[in-house]
Structure formats: C-alpha cells, structure tokens
Amino acid sequence: MLIRSVFSAFTQADDSTARKFGGTGLGLKIAKDLVEKMGGQIWVNNIDKVGSQFFFTLSPRVSAEPPINKKAFKQARTQFVGNVLVAEDNDINQVVAQQILLSYGLQVDLVDDGQQCIDALENGHYDLVFMDLHMPNVDGFEACSIIRQINPNIPIVALTAAVLKDEVQKALDAGMGSHLAKPIVHVQLKYVLNRYLAENKN
C-alpha cells in the first residue's frame with residue numbers, strides 16, 4: 001500500500017479479513033482534515049506491520065479573547081437569570097447547547113437559521129444570542145450584520161466549530177462580541193456567561 005493512501009477514507013494498512021483489529025478506515029482521514037483546517041500538515045514516516053510514526057504541524061493563533069482571570073473565575077457564579085437564543089441548524093448541537101444552558105438556570109429558545117434568529121429577536125426579548133456561523137438560508141455572518149442594525153447592543157457570541165483566526169475575525173467584524181468553540185467546554189461557556197450576563201447573576 002502506498003503511504004499516502006492511509007489518509008484516504010475507508011482505507012486501512014491491512015485490508016485482509018483476518019486482521020486482528022477492526023475499524024472503518026476513517027480515523028486518519030478525519031485527523032488529516034482537522035489538521036489541515038487548522039493550517040497544518042500531517043504525514044507518516046513509514047508504514048509496515050510493526051508500526052508507523054505520524055507527525056503533524058500546526059499554526060497556533062493567539063486567541064481573540066482576553067485571558068481568564070483565574071481568581072475572579074473561581075468566584076464566578078454558576079447560576080444565571082436570562083433569556084438566551086441559540087441559532088444552530090444541527091439538531092444534536094441544539095439539544096446539547098440547550099441542556100447545558102438550562103443547567104445554568106437560563107431560559108433557552110432554539111432557531112434553525114439566521115432568518116429565524118432575526119425574526120425571534122424582532123418579536124421577543126433576549127439577553128444573549130449564540131450564533132452558529134454556517135447555516136442555511138441566512139448564515140450567521142449576514143444575520144449578525146442585520147441584527148446589529150436592529151439591536152446594536154445585544155451580545156452575540158459565535159458558536160461554531162471553526163476556530164481559525166480568519167473565521168473568528170470575520171465573525172468579530174460582522175458584529176459578534178466573542179466566540180465559543182464547539183463542542184462546548186463548560187469552563188469557556190461559564191466565562192462567556194459571566195462576561196455577558198454579569199448583571200443577571202443570581
């Protein structure tokens with residue numbers, strides 16, 4: 001097998017039916033896609049029946065977020081009061097975000113795209129919006145630009161798997177005040193909630 005082929009989908013080094021270990025042959029393909037999305041490269045030194053060495057490079061970026069004050073963070077509350085709107089087109093991501101936010105004592109409404117988010121904000125009151133960037137009909141960038149004309153003050157947080165510097169900067173330029181990477185990490189979400197819902201804390 002050619003070394004480069006191990007990064008192809010549904011490909012394994014040993015495709016015989018007698019191999020000891022199973023699998024779909026997607027792991028290295030996913031790893032390659034993730035590394036390349038973060039601006040890096042991945043390669044294999046050798047491949048044989050003994051083992052292989054894999055290497056990758058990344059181009060880490062400085063976060064657009066200010067560093068967390070650990071002392072203040074330890075004192076931060078874990079329950080909040082407020083109405084939160086989540087714009088997310090993936091059903092599973094919707095449920096995950098909703099359950100986590102509910103665990104913080106928040107009221108949560110869900111919408112499937114940017115246009116529904118705009119409509120919800122025109123017809124209801126919300127203290128914070130989590131906005132996925134890539135949605136059908138109206139994406140998060142366009143929706144945020146429109147919302148800023150209607151309500152320039154409401155906090156909007158980009159909720160997305162895209163963490164590349166250019167993508168984050170595009171979100172900030174569109175009017176989002178911050179970003180939160182998916183899958184949601186509680187410590188990062190707690191920081192965001194303390195930042196934007198400080199006046200609403202219990």
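Numbering of the sequence shown is given in full-length UniProt numbering, commencing with residue 1 and proceeding in unit increments. Think of the CB as a built atom: it goes at the ideal place given N, C-alpha and C, for glycine as much as any other residue. These figures come from a predicted structure and were not determined experimentally.
Reduced DSSP secondary structure (H/G/I, E/B, other) of Val-168: Val-168: helix per DSSP, three-state reduction.
Rounded Cβ spacing between Asp-89 and Asp-113 (contact assumed at less than 8 Å): Right, their Cβ atoms sit about 6 Å apart.
Proximal residues to Tyr-126 (C-beta, below 7 Å), its chain only, five neighbours per side dropped: Excluding the 5 residues flanking it on each side, Tyr-126 has same chain C-beta neighbours closer than 7 Å at Asn-83, Val-84, Leu-85, Ile-154, in chain order.
Gly-22 (DSSP reduced to helix, strand or coil): With a pLDDT of 44 at Gly-22, under the threshold of 50, the predicted position of this residue should be treated as unreliable, though the coordinate-derived value follows. Three-state DSSP puts Gly-22 in coil, outside helix and strand.
For Ala-97, the nearest candidate out of Gln-41, Ala-181, Ser-145 (CA to CA): Among Gln-41, Ala-181, Ser-145, the Cα nearest to that of Ala-97 belongs to Ala-181.
Nearest-angstrom beta carbon gap, Leu-106 and Ile-147 [assumed within contact, 8 Å]: A Cβ-Cβ separation of about 19 Å leaves Ile-147 out of contact with Leu-106 under the 8 Å criterion.
Runs of beta strand (DSSP E) wholly within the UniProt domain "Response regulatory" (83-197) (minimum 3 residues, chain order): Whole beta strand (DSSP E) segments, 3+ residues: 83-87, 107-111, 128-131, 156-160, 178-181.
Reduced DSSP category for Val-81 - H, G, I as helix; E, B as strand; rest coil: The answer is coil: DSSP assigns Val-81 none of H, G, I, E or B.
Beta-ladder partner(s) of Gln-53, from DSSP: Bridge partners of Gln-53 according to DSSP: none are assigned.
Cutoff 8 Å: Leu-101 Cβ touching any chain D Cβ: No chain D appears in the structure shown, which is made up of a single protein chain.
8 Å Cβ cutoff met for Gly-175 and Ile-150: No, these two residues do not count as a Cβ contact at 8 Å.
Burial state of Asn-93 (16 or more Cβ within 10 Å): Around the Cβ of Asn-93, a 10 Å sphere holds 16 or more other Cβ atoms; the residue is buried.
Of the residues Ala-171, Thr-78, Lys-37, the one placed nearest residue 208, counting alpha carbons only: With the chain covering 1 to 202 only, the question about residue 208 has no answer from this structure.
Supposed contact pair Phe-55 and Lys-28 - C-beta distance, whole angstroms, cut 8 Å: The sequence given here has Leu at residue 28, not Lys. Incorrect: roughly 13 Å between the Cβ atoms, too far for contact.
Separation of Gly-51 from Phe-130, as counted between CA atoms: Roughly 44 Å between the two C-alpha positions.
Distance CB(Asp-168)-CB(His-179) smaller than 8 Å: A small fix is needed here, since residue 168 is Val in this sequence, not Asp. Cβ distance < 8 Å, so Val-168 and His-179 count as in contact.
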